[in-house]
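For reference, the structure is listed below as structure tokens.
Protein chains: 2
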Amino acid sequence: MTTNMTAPTREQCAALDAADPLHPLRERFTLPADVLYLDGNSLGALPRDTPGHLAKVVADEWGTGLIRSWNDAGWFHQPGRLGDRLGAHLLGAANGQVVVCDSTSVNLFKVLGAALRLRPGRGALVAERHAFPTDLYIADGLTGLYPGTRPVLLDSAAQLDAVLDGDTAVVLLSHVDYRTGELLDMAAVTERIHRAGALAVWDLCHTAGALPIELDAAGVDFAVGCGYKYLNGGPGAPAFLYAAERHHAAGRQPLTGWFGHARQFDFEPGYRPAEGVTRFLTGTPPVLGLAALEASLDVWELADPAAVRAKSLELTDLFMDLTADLDVEAVTPRDPARRGSQVALRHPEGYRIVQALIARGVIGDFRAPDLMRFGFTPLYLSRTDVHDAATALREVLASGEWREERFARRGEVT
Amino acid sequence: MTTNMTAPTREQCAALDAADPLHPLRERFTLPADVLYLDGNSLGALPRDTPGHLAKVVADEWGTGLIRSWNDAGWFHQPGRLGDRLGAHLLGAANGQVVVCDSTSVNLFKVLGAALRLRPGRGALVAERHAFPTDLYIADGLTGLYPGTRPVLLDSAAQLDAVLDGDTAVVLLSHVDYRTGELLDMAAVTERIHRAGALAVWDLCHTAGALPIELDAAGVDFAVGCGYKYLNGGPGAPAFLYAAERHHAAGRQPLTGWFGHARQFDFEPGYRPAEGVTRFLTGTPPVLGLAALEASLDVWELADPAAVRAKSLELTDLFMDLTADLDVEAVTPRDPARRGSQVALRHPEGYRIVQALIARGVIGDFRAPDLMRFGFTPLYLSRTDVHDAATALREVLASGEWREERFARRGEVT
Numbered sequence: 108m109t110t111n112m113t114a115p116t117r118e119q120c121a122a123l124d125a126a127d128p129l130h131p132l133r134e135r136f137t138l139p140a141d142v143l144y145l146d147g148n149s150l151g152a153l154p155r156d157t158p159g160h161l162a163k164v165v166a167d168e169w170g171t172g173l174i175r176s177w178n179d180a181g182w183f184h185q186p187g188r189l190g191d192r193l194g195a196h197l198l199g200a201a202n203g204q205v206v207v208c209d210s211t212s213v214n215l216f217k218v219l220g221a222a223l224r225l226r227p228g229r230g231a232l233v234a235e236r237h238a239f240p241t242d243l244y245i246a247d248g249l250t251g252l253y254p255g256t257r258p259v260l261l262d263s264a265a266q267l268d269a270v271l272d273g274d275t276a277v278v279l280l281s282h283v284d285y286r287t288g289e290l291l292d293m294a295a296v297t298e299r300i301h302r303a304g305a306l307a308v309w310d311l312c313h314t315a316g317a318l319p320i321e322l323d324a325a326g327v328d329f330a331v332g333c334g335y336k337y338l339n340g341g342p343g344a345p346a347f348l349y350a351a352e353r354h355h356a357a358g359r360q361p362l363t364g365w366f367g368h369a370r371q372f373d374f375e376p377g378y379r380p381a382e383g384v385t386r387f388l389t390g391t392p393p394v395l396g397l398a399a400l401e402a403s404l405d406v407w408e409l410a411d412p413a414a415v416r417a418k419s420l421e422l423t424d425l426f427m428d429l430t431a432d433l434d435v436e437a438v439t440p441r442d443p444a445r446r447g448s449q450v451a452l453r454h455p456e457g458y459r460i461v462q463a464l465i466a467r468g469v470i471g472d473f474r475a476p477d478l479m480r481f482g483f484t485p486l487y488l489s490r491t492d493v494h495d496a497a498t499a500l501r502e503v504l505a506s507g508e509w510r511e512e513r514f515a516r517r518g519e520v521t
Numbered sequence: 108m109t110t111n112m113t114a115p116t117r118e119q120c121a122a123l124d125a126a127d128p129l130h131p132l133r134e135r136f137t138l139p140a141d142v143l144y145l146d147g148n149s150l151g152a153l154p155r156d157t158p159g160h161l162a163k164v165v166a167d168e169w170g171t172g173l174i175r176s177w178n179d180a181g182w183f184h185q186p187g188r189l190g191d192r193l194g195a196h197l198l199g200a201a202n203g204q205v206v207v208c209d210s211t212s213v214n215l216f217k218v219l220g221a222a223l224r225l226r227p228g229r230g231a232l233v234a235e236r237h238a239f240p241t242d243l244y245i246a247d248g249l250t251g252l253y254p255g256t257r258p259v260l261l262d263s264a265a266q267l268d269a270v271l272d273g274d275t276a277v278v279l280l281s282h283v284d285y286r287t288g289e290l291l292d293m294a295a296v297t298e299r300i301h302r303a304g305a306l307a308v309w310d311l312c313h314t315a316g317a318l319p320i321e322l323d324a325a326g327v328d329f330a331v332g333c334g335y336k337y338l339n340g341g342p343g344a345p346a347f348l349y350a351a352e353r354h355h356a357a358g359r360q361p362l363t364g365w366f367g368h369a370r371q372f373d374f375e376p377g378y379r380p381a382e383g384v385t386r387f388l389t390g391t392p393p394v395l396g397l398a399a400l401e402a403s404l405d406v407w408e409l410a411d412p413a414a415v416r417a418k419s420l421e422l423t424d425l426f427m428d429l430t431a432d433l434d435v436e437a438v439t440p441r442d443p444a445r446r447g448s449q450v451a452l453r454h455p456e457g458y459r460i461v462q463a464l465i466a467r468g469v470i471g472d473f474r475a476p477d478l479m480r481f482g483f484t485p486l487y488l489s490r491t492d493v494h495d496a497a498t499a500l501r502e503v504l505a506s507g508e509w510r511e512e513r514f515a516r517r518g519e520v521t
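The listed protein sequences correspond, in order, to chains A and B. Residue numbers in the first sequence follow our numbering, run continuously in steps of one, and reach 521 at the last position. Residue numbers in the second sequence follow our numbering, run continuously in steps of one, and reach 521 at the last position.
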């Protein structure tokens, strides 16, 4: 085995880990001993205290409290309570602007619908052609229902200025590209969108929990993101939604359900939106899913987001250094200002290589046609882990084991 | 204390319970010893085995399996797998027509949207003015997005024939009225709707798990229902959605997310609906909520729905017999063909009376302005429970204890 001689040795990594104030947070997660988990950007790991918290909610709040827990355990206020915690610690959002509910797709439908209504007479909903597909599917379905509106797809965010004009109603962008890990400058891009009189909607799926976000300071209009990636809320965790306070009074979203009503228990036949961000709720909140996410926020609040970001950049730098001499193409920007918390490497046989890594216990994922993605989650990954993962990739490529038949493409992957 | 002499004594109830083949299922639920729970029509009780199943999914599938569980634990197929089980055992729906996902409100938006598109040129979405409000809010929001459509509200389902005409696109009805417990004849009403060329959408929130439903046999077009009432799926459990197979090919729903795409992992920028009922999915399914619901289906499959229905009618009859001489007005039909699994009693001070009952451990609920609701769930309620609940109501009314200040109206109730 050869190594990249400019990068730190495993021993040097271990020494850095020992001095890392975030390193002890690793103990707050339950991870299998035989796994190096580089897929926290797809499904975050299980926080150590989540099973106990969830068991308590199930046994005490549901089993014993029963229907009384809507009031006594505060279930009614769970979407907003978690939203405030998330907003304050990770999103740079003052209280009363974030709710946790539904899926990212459903929340996107709500905020895009509200945004289009706030820009009557403008027709273009601008998005990136290579956005995460569900964003495009939702935008497509939605514009079909809002007369005079249509999706306008960019080949890349760099084309944005060329299309922004007086007909641009809304621009939907991913803060980090799910394929390449490229990070956009939220404040600068939002400002350009606003200069055109349009509204900025951000998809934070790949940044919430990965780096500090300043929604209020950046002047963002709406945002959505998922709870099951860096936030570690569990598979299919409820998503979140941000609506800037200045849009609450006039903001009308299309999924008008009883939890978004001004007087939910008056049972009026007509819909009247609640005050504030509550009007962005729809149906009954998923209490158990919210409880799991709440336990993960307890861990998050032990970590300084700036320290998490610094370590994330260190881990991704390290992985790129350690793999720089391999026969793969790094597509993630080296510039830290343009990099999220993942590294994407291109190889025509990426699918097989990822499968061979998984067989060795190094879990990354693959995105068609040729991208291997490795997510770096500073709460539970160390520099030693990164070193070991890079070594495994080096060995898989050197041995050619990925050519084995068992690594050929099969069904669905995530 | 006086009693209603025509009804069975508590001893007679106990003897009937001892001979009841459903009685042992009570042991499958965890209920507090000091509670008589008559609110399973609002939030079902906790099945005994749910905590263990959920803990296993969390620890093994999430904690150890991590991202691999999407394939290895079958998470991808969970919405359809649970839908098939629910359809086969409780809904009278052949496989491939039911999915479990999202909330009832969100699912209703999907099926009403699909239904309106299947009846182009027709404008009326008919619903009952006293339907559960979220149904009306969703219908209202939706028709605002489908040009040429509008809600048409009936004072009662009895007026249906008077409004059905060639402009009726869709009729949305509740199988059981959430206030009164009145049951509609699904097959007969659906036939009348079809004779007008319209589509029938049923809200099954108060019948799924309460009585046998025959969606296929009744020719229903679409249906939705919630997982947290009689189905015992837990607070905010995922809801379900039925779409008759004949509508799959042409059915296009508005919430077009990646889980409803024909080739989800090809990451195409354009939306193409999946085959079958899968096209009614939207975002990532709530795996933990689905796991809790799955454990409750294990209990349901031990019970014959016809036996559950027979016992339900016996329990509601018994409660009405035992309270017939009290100073309350029974608004639930005595005719078993028109009765769901709850009894609603009207009293101008119903709010306080329900609070006084809750203070005694007898949990029902209240719906403004004057209805006390008592749900009867044959899986975990006995005739003795019903007798004790009726005695408690008799005592609360006789003592006037509900006049105490502590029972005055406060905040939200469910």
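Backbone N, C-alpha and C define an ideal beta-carbon position, used for all residues, glycine too.
For residue 157 of chain A and residue 399 of chain A, believed in contact at Cβ under 8 Å, the rounded distance: 6 Å
CB contact below 8 Å: residue 375 of chain A versus chain B: yes
Start-to-end residues for the alpha helix (DSSP H) that takes in residue 267 of chain A: 267-270
Residues within the stretch 461-472 of chain A neighbouring chain B, beta-carbon criterion of under 8 Å: 465, 470, 472
Where residue 312 of chain B sits in the DSSP three-state scheme: coil
Cβ pair residue 523 of chain B, residue 145 of chain B closer than 8 Å: Outside the displayed span of chain B (108 to 521) sits residue 523 of chain B, for which this structure offers no information.
Amino acids of chain B, ordered along the chain, whose beta-carbon sits closer than 7 Å to that of residue 137 of chain A: 170
Separation of residue 488 of chain B from residue 127 of chain B, as counted between CA atoms: 11 Å
Residue 216 of chain A at chain B interface by Cβ criterion, 8 Å: yes
Neighbourhood of residue 456 of chain B by C-beta, 7 Å cutoff - its chain only, sequence neighbours within 5 removed: 509
Given residue 517 of chain A as reference, the closest of A:465, A:498, A:458 once Cα atoms are compared: A:458
Residue 275 of chain B, buried or exposed, once every other Cβ within 10 Å from all chains shown has been counted against 16: buried
Alpha-carbon to alpha-carbon, residue 324 of chain A and residue 370 of chain B: 39 Å
Neighbourhood of residue 212 of chain B by C-beta distance below 6 Å, restricted to the same chain and skipping five residues each side: 241, 245
Residue from B:382, B:173, B:435 with nearest C-alpha to residue 356 of chain B: B:382
Minimum length 4: unbroken alpha helix (DSSP H) runs contained in the stretch 177-263 of chain A: 185-193, 211-225, 240-250
Three CB pairs or more closer than 8 Å across the stretch 327-338 of chain B and the stretch 206-225 of chain B: yes
Partners in chain B for residue 337 of chain A, counting only beta-carbon separations shorter than 7 Å: Within 7 Å Cβ-Cβ: nothing; residue 337 of chain A doesn't reach chain B, min ~14 Å.
Contained alpha helix (DSSP H) runs [length at least 4] in the stretch 367-420 of chain A, N- to C-terminal order: 394-407
Pair within 8 Å by beta-carbon distance, residue 233 of chain A and residue 279 of chain A: yes
Beta-ladder partner(s) of residue 285 of chain A, from DSSP: Looking at the DSSP assignment, residue 285 of chain A forms no beta bridge with any residue, so it has no partner.
Beta-carbon proximity list for residue 202 of chain B, same chain, < 8 Å, skipping 5 on both sides: 191, 194, 195
Minimum Cβ-Cβ distance from residue 243 of chain A to chain B less than 8 Å: yes
Nearest-angstrom Cα separation, counted from residue 467 of chain B out to residue 283 of chain A: 55 Å
Burial state of residue 108 of chain B (16 or more Cβ within 10 Å): With a pLDDT of 44 at residue 108 of chain B, under the threshold of 50, the modelled position of this residue cannot be trusted; read the value that follows with caution. Counting Cβ neighbours within 10 Å, residue 108 of chain B comes out exposed, since fewer than 16 surround it.
is_contact[residue 211 of chain A, chain B] using C-beta, thresh 8 Å: yes
Neighbour-count burial assignment, residue 119 of chain B, 16 or more Cβ in a 10 Å radius: exposed
Simplified DSSP state of residue 473 of chain A, which is helix, strand or coil: strand
Cβ-Cβ distance between residue 434 of chain A and residue 143 of chain A below 8 Å: no
Length of the line joining the Cα atoms of residue 243 of chain B and residue 463 of chain B: 32 Å
Under the three-state DSSP convention, the category residue 501 of chain A falls into: helix
Backbone CA spacing between residue 425 of chain B and residue 395 of chain B [nearest angstrom]: 38 Å
C-alpha distance - residue 114 of chain B paired with residue 428 of chain B, whole-angstrom precision: 6 Å
DSSP-derived helix/strand/coil call for residue 151 of chain A: coil
Exposure of residue 353 of chain A, with buried meaning 16 or more beta-carbon neighbours within 10 Å: exposed
Interface residues of chain B facing residue 396 of chain A [CB-CB closer than 7 Å]: 393, 395, 396
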